[in-house]
Amino acid sequence: MAGWPVWFTALLTVAYLGVYYIWDTTNSQKNQFRQEERGAVDERTTFPYFKYGKIHSPKTIPTKRGNSILCDGWYGKARKIHYTCDLFFAVSWGLITGFKSPFPWFYSVFFAGMIIHRARRDIEKCRKTYGEAWTEYEKRVPYLFIPVSALLPVSSWRHEVTTLQGVY
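Quick note, the sequence shown lines up with residues 469 to 636 if you use the working numbering.
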């Protein structure tokens, strides 16, 4: 792995597995929620199956369209946490190659720009589609990519950090 020390390779592997768990359960929570909302639930039987992939009686925000916005589980921590995981995967694929050539990093840089732009488009679309319900979701879940309050336990920082939520 590009001459990295064993401890770094091990750390990156453990981090990758942890982020994979978050990514998988985040997407499972969203899919299960949408299936339940439509009344057609297919139990996931594929490998790997993580128990946290399903939330029983999740917290939601009703919309004027008749559906709901999930604001529980991972989506209760950050609105686009699955994009954070995708970005971590892209960066880690660049990291395993090292820095001797810029070419392996093309995907990471391209993906970062693409996912940030996509998040902005998603948010604009959701604001138009869900209106007040989306505004309520942004209030309940102020973090976009990373639940910063878990990283910054000092409560006085929360306001300063959340005011940056419009900066992507």
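Virtual Cβ for every residue (Gly too), placed ideally from N, Cα, C.
Practice task
For residue 555, name the three-state secondary structure that DSSP assigns.
Solution key: Taking the sequence shown and counting its residues from 1, the one referred to as residue 555 is at position 87. Residue state, collapsed to three classes: helix.
Problem - Exposed unless 16 or more other CB atoms sit within 10 angstroms - verdict on residue 496 - result: Along the sequence shown, read from residue 1 onward, the residue named residue 496 stands at position 28. With 16 or more Cβ atoms within 10 Å of its Cβ, residue 496 is classed as buried.
Exercise for the section: Rounded to whole angstroms, what's the CA-CA distance from residue 525 to residue 540? Just pull it up for me. Expected result: Here residue 525 corresponds to residue number 57 of the sequence shown, with the count starting at 1. Here residue 540 corresponds to residue number 72 of the sequence shown, with the count starting at 1. If I take the Cα positions, the gap works out to 9 Å.
Problem - Residue of 535, 561, 594 minimising C-alpha distance to residue 480 - result: The residue you call residue 480 lines up with position 12 of the sequence shown. If we check each option's Cα against that of residue 480, 561 comes out closest.
Problem - Span separating the alpha-carbon of residue 503 from that of residue 571 - result: Translated into the one-based positions of the sequence shown, residue 503 becomes position 35. Translated into the one-based positions of the sequence shown, residue 571 becomes position 103. If I take the Cα positions, the gap works out to 41 Å.
Exercise for the section: Could you tell me whether any Cβ in chain D is nearer than 8 Å to the Cβ of residue 498? Expected result: In the structure shown, chain D cannot be found, because there is only a single protein chain.
Practice task
Provide the residue span of the alpha helix (DSSP H) that contains residue 528, from first to last.
Solution key: Taking the first residue of the sequence shown as 1, we reach residue 528 at position 60. Residue 528 -> not in any alpha helix (DSSP H); beta strand (DSSP E) instead, spanning 528–530.
Practice task
For the segment 527–545 and the segment 578–587, state whether three or more C-beta atom pairs, one from each stretch, are separated by less than 8 Å.
Solution key: no
Exercise for the section: Just confirm the distance between the C-beta atoms of residue 601 and residue 537, as a whole number of angstroms; I'd bet it's less than 8 Å. Expected result: For this step, residue 601 is matched to residue 133 along the sequence shown. For this step, residue 537 is matched to residue 69 along the sequence shown. Confirmed, Cβ separation roughly 6 Å.
Problem - Extent of the continuous beta strand (DSSP E) run through residue 536 - result: For the purposes of this step, residue 536 is identified with residue 68 of the sequence shown, where counting begins at 1. Residue 536 -> beta strand (DSSP E) spans 536–538.
Practice task
State the start and end residues of the unbroken alpha helix (DSSP H) segment that holds residue 645.
Solution key: Here the chain comprises residues numbered 469 to 636, so residue 645 is not present and cannot be evaluated.
Handout entry: Straight-line Cα distance separating residue 494 from residue 484
Key = Numbered from its first residue, the sequence shown carries residue 484 at position 16. Numbered from its first residue, the sequence shown carries residue 494 at position 26. Between residue 484 and residue 494, the C-alpha separation is close to 15 Å.
Practice task
Return the first residue and the last residue of the alpha helix (DSSP H) that residue 496 is part of.
Solution key: Residue 496 sits at position 28 when you count from the first residue of the sequence shown. Here the alpha helix (DSSP H) through residue 496 covers 474–506.
Exercise for the section: Indicate whether residue 609 and residue 553 have their beta-carbon atoms separated by less than 8 Å. Expected result: By one-based count along the sequence shown, residue 609 stands at place 141. By one-based count along the sequence shown, residue 553 stands at place 85. No, the pair does not count as a contact, with Cβ atoms beyond the cut-off.
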